[in-house]
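The sequence shown begins at 71 in my numbering and counts up one residue at a time. Ideal Cβ positions, reconstructed from N, Cα and C, are used throughout, including at glycine.
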Amino acid sequence: MNYVVLFCVKNQYEMFEEFLFKYSLSDFSKVEILIFDDNSLPDQKLLLNKLCAKYNNISWINPDVNSNAQAPIFSAFKSADEYLISNNNKSNWILFFENDCFPFQENFWEELDLTINKNSWVNEKVGLFGFSNYQHFNNGKKIHARGNPVPGRGCLVDGILKSPHSGWYQNLPKEFYTTDYFVLEVPNWQSVCVNRSLFRDKISCDVEYEGRLLNTDDIAHQFMLNNIFNICFPKLSVYHDSGTLKGKIKLISDSNYSRSANVHEVFQDRWGWKWGKRNLHLRKQFKYVIDNSNFYDNTIQLKLFNMHINDGPKKIEDFE
Numbered sequence: 071m072n073y074v075v076l077f078c079v080k081n082q083y084e085m086f087e088e089f090l091f092k093y094s095l096s097d098f099s100k101v102e103i104l105i106f107d108d109n110s111l112p113d114q115k116l117l118l119n120k121l122c123a124k125y126n127n128i129s130w131i132n133p134d135v136n137s138n139a140q141a142p143i144f145s146a147f148k149s150a151d152e153y154l155i156s157n158n159n160k161s162n163w164i165l166f167f168e169n170d171c172f173p174f175q176e177n178f179w180e181e182l183d184l185t186i187n188k189n190s191w192v193n194e195k196v197g198l199f200g201f202s203n204y205q206h207f208n209n210g211k212k213i214h215a216r217g218n219p220v221p222g223r224g225c226l227v228d229g230i231l232k233s234p235h236s237g238w239y240q241n242l243p244k245e246f247y248t249t250d251y252f253v254l255e256v257p258n259w260q261s262v263c264v265n266r267s268l269f270r271d272k273i274s275c276d277v278e279y280e281g282r283l284l285n286t287d288d289i290a291h292q293f294m295l296n297n298i299f300n301i302c303f304p305k306l307s308v309y310h311d312s313g314t315l316k317g318k319i320k321l322i323s324d325s326n327y328s329r330s331a332n333v334h335e336v337f338q339d340r341w342g343w344k345w346g347k348r349n350l351h352l353r354k355q356f357k358y359v360i361d362n363s364n365f366y367d368n369t370i371q372l373k374l375f376n377m378h379i380n381d382g383p384k385k386i387e388d389f390e
């Protein structure tokens, strides 16, 4: 296959057998699974060791690390790439899942491999790509999507901060969901594919985020600053559980793990504007940067800023 699967986990190893393997229609035994552990508790690390011993397709890629990772998603991608290099694995794509997200179709693994093969240009032009992300689950024998999926999120495209989008690529015109792919700001962070070679060459991991929030957004913006695109393949779909299923599992949780106090300040310092729909001055902040520096000159960010969400799904050639 052209990809491996990656999880970045702090505790919550019960999720694999009691959630991912139990509910996903896609068979996880068909893929190579890498796990980056972000300093879980000792008893949870024992559970991780047991998973690796039980399933020969699961590997713990950072067993010698005993401290919290700064910017965990950056660290997980970097560690996964180094692990694959050391094992002579030439797959160019790392498919990252949050541990409460899984494929929403039986043939997802095969369709993803086919998609990468028939769109070989992604290896040169795309840093991140994602999927249609559903958040509604039917407990019957089959999984059915209800409502509109959420393929990504963004701040720069005119109109995306307002209802019915509210900072997300959601409630979009139907052509967004029927096209083969479209360019977007940030794929939905709960499940993204990262281009190993472009990550290694273009992404600086010298960042100060505490926790995982906004990590993927920063990576996406680093790619765009280098005129590398982020896209969505909307006909491939994943499910992200907002509590319907994982509420049935007794988990060790850390409410501070994902939502750190410093992430918005770090992001604003790096990019010149504060992320999110609650920032009523976002477009003014971005315009101030472009009017007073050359930071965003000839970048994908500037092109996104100058378009409206209702302009319809855009291909890479629309930006070149």
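In angstroms, rounded to a whole number, what distance separates the CA positions of Asp170 and Gln260?
Taking the sequence shown and counting its residues from 1, one reaches residue 170 at position 100. Taking the sequence shown and counting its residues from 1, one reaches residue 260 at position 190. Between Asp170 and Gln260, the C-alpha separation is close to 8 Å.
Would you list the one or two residues that DSSP bridges to Leu121?
By one-based count along the sequence shown, residue 121 stands at place 51. Answer is none; Leu121 lacks a bridge partner.
Residues near Phe167 by beta carbon distance below 7 Å, same chain, minus five either side:
The count along the sequence shown starts at 1 and reaches residue 167 at position 97. If we look at Phe167 and ignore the five residues flanking it on each side, its Cβ neighbours are Val75, Phe77 and Ser261.
Complete alpha helix (DSSP H) runs within the segment 301 to 359 (minimum length 4 residues, chain order)
Within the segment 301 to 359, the runs of alpha helix (DSSP H) that reach at least 4 residues and sit entirely inside it are, in chain order, 333 to 341.
Length of the line joining the Cα atoms of Ile386 and Asn265:
Looking up residue 386 in the sequence shown gives position 316. Looking up residue 265 in the sequence shown gives position 195. Distance between the alpha carbons of Ile386 and Asn265: 16 Å.
Does the Cβ of Asn200 have 16 or more other Cβ atoms within 10 Å, making it buried, or fewer, making it exposed?
As a first step, residue 200 must be located in the sequence shown, where it is residue number 130. In the sequence as displayed, the identity of residue 200 is Gly instead of Asn. Buried is the call here.
Among residues of its own chain, excluding the 5 on either side of Ser274, which ones have a beta-carbon nearer than 8 Å to its beta-carbon?
On the sequence shown, residue 274 is found 204 positions in, with the first residue counted as 1. If we look at Ser274 and ignore the five residues flanking it on each side, its Cβ neighbours are Gln292.
Taking Asn368 as the reference, give the member of Val359, Leu295 and Gly222 with the closest Cα.
As a first step, residue 368 is located in the sequence shown; it is residue number 298 there, counting from the start. Among Val359, Leu295 and Gly222, the Cα nearest to that of Asn368 is on Leu295.
DSSP state of Phe375, grouped into three classes?
Here residue 375 corresponds to residue number 305 of the sequence shown, with the count starting at 1. Helix, per DSSP.
In three-state DSSP terms, what is Asn81?
Walking along the sequence shown from the start, residue 81 turns up at place 11. For Asn81, the secondary structure class from DSSP, reduced to helix, strand or coil, is coil.
Taking only runs of the alpha helix (DSSP H) that begin and end inside the segment 234 to 284, which ones reach a length of at least 4 residues, in chain order?
245 to 248 and 266 to 272
Under the three-state reduction of DSSP, which class applies to Phe89: helix, strand or coil?
Here residue 89 corresponds to residue number 19 of the sequence shown, with the count starting at 1. Here Phe89 sits in helix by DSSP.
Is the beta carbon of Leu118 less than 9 Å from the beta carbon of Trp130?
Your numbering for residue 118 matches position 48 in the sequence shown. Your numbering for residue 130 matches position 60 in the sequence shown. In this structure, Trp130 lies closer than 9 Å to Leu118 by Cβ.
Name the residue from Glu280, Cys302, Asn72 and Leu315 whose alpha carbon lies nearest to the alpha carbon of Lys160.
Translated into the one-based positions of the sequence shown, residue 160 becomes position 90. Nearest option by C-alpha distance: Asn72.
Mapping the DSSP letters down to three states, classify Trp191 as helix, strand or coil.
To locate residue 191, count along the sequence shown from 1; it is residue 121. Coil at Trp191, not helix or strand.
Got a sec, what are the start and stop residues for the beta strand (DSSP E) Phe389 sits in?
As a working note, residue 389 is residue 319 in the sequence shown. Taken as a continuous stretch (DSSP letters only), Phe389 belongs to no beta strand (DSSP E), as it is neither H nor E.
Pull up the DSSP beta-bridge partners for Gly200, would you.
If you number the sequence shown from 1, residue 200 lands on position 130. Its beta-bridge partners are Cys302.
Does the Cβ-Cβ distance between Leu374 and Leu231 come in under 9 Å?
Taking the first residue of the sequence shown as 1, we reach residue 374 at position 304. Taking the first residue of the sequence shown as 1, we reach residue 231 at position 161. Not a contact, by the Cβ cut-off of 9 Å.
To the nearest angstrom, how far is it from the Cα of Asn193 to the Cα of Asn162?
For the purposes of this step, residue 193 is identified with residue 123 of the sequence shown, where counting begins at 1. For the purposes of this step, residue 162 is identified with residue 92 of the sequence shown, where counting begins at 1. Roughly 8 Å separates the two Cα atoms.
Look up Tyr366 in the DSSP assignment and say whether it is helix, strand or coil.
Locating residue 366 in the sequence shown gives position 296, counting from the first residue. Reduced to three states, the DSSP call for Tyr366 is coil.
Using CA coordinates, which residue listed in Phe252, Leu165 and Lys120 is at the minimum distance from Pro389?
Numbered from its first residue, the sequence shown carries residue 389 at position 319. The question names Pro, but residue 389 is Phe in the sequence shown. Nearest of Phe252, Leu165 and Lys120 to Phe389, Cα basis: Phe252.
With a threshold of 8 Å, are at least 3 pairs of Cβ atoms found where one atom belongs to the segment 300 to 309 and the other to the segment 239 to 255?
yes
Less than 9 Å between the beta carbons of Phe269 and Lys195, yes or no?
Taking the sequence shown and counting its residues from 1, one reaches residue 269 at position 199. Taking the sequence shown and counting its residues from 1, one reaches residue 195 at position 125. No, these two residues do not count as a Cβ contact at 9 Å.
Between the C-alpha atoms of Gln205 and Leu315, what's the straight-line distance to the nearest angstrom?
Indexing the sequence shown from 1 puts residue 205 at position 135. Indexing the sequence shown from 1 puts residue 315 at position 245. Whole-angstrom Cα-Cα distance: 11 Å.
Taking Ser236 as the reference, which of Asn349, Val101, Asp107 and Lys80 has the closest Cα?
Residue numbering aside, residue 236 sits at position 166 when the sequence shown is read from its first letter. The shortest C-alpha separation from Ser236 is found at Asn349.
Distance check for Pro133 and Val227, CA to CA, integer angstroms please.
As a working mapping, residue 227 is identified with position 157 in the sequence shown. As a working mapping, residue 133 is identified with position 63 in the sequence shown. Approximately 41 Å between the Cα atoms of the pair.
Tell me, please, which residues DSSP counts as bridged to Phe225.
If you number the sequence shown from 1, residue 225 lands on position 155. Here residue 225 turns out to be Cys, not Phe, going by the sequence shown. Its beta-bridge partners do not exist; DSSP assigns none.
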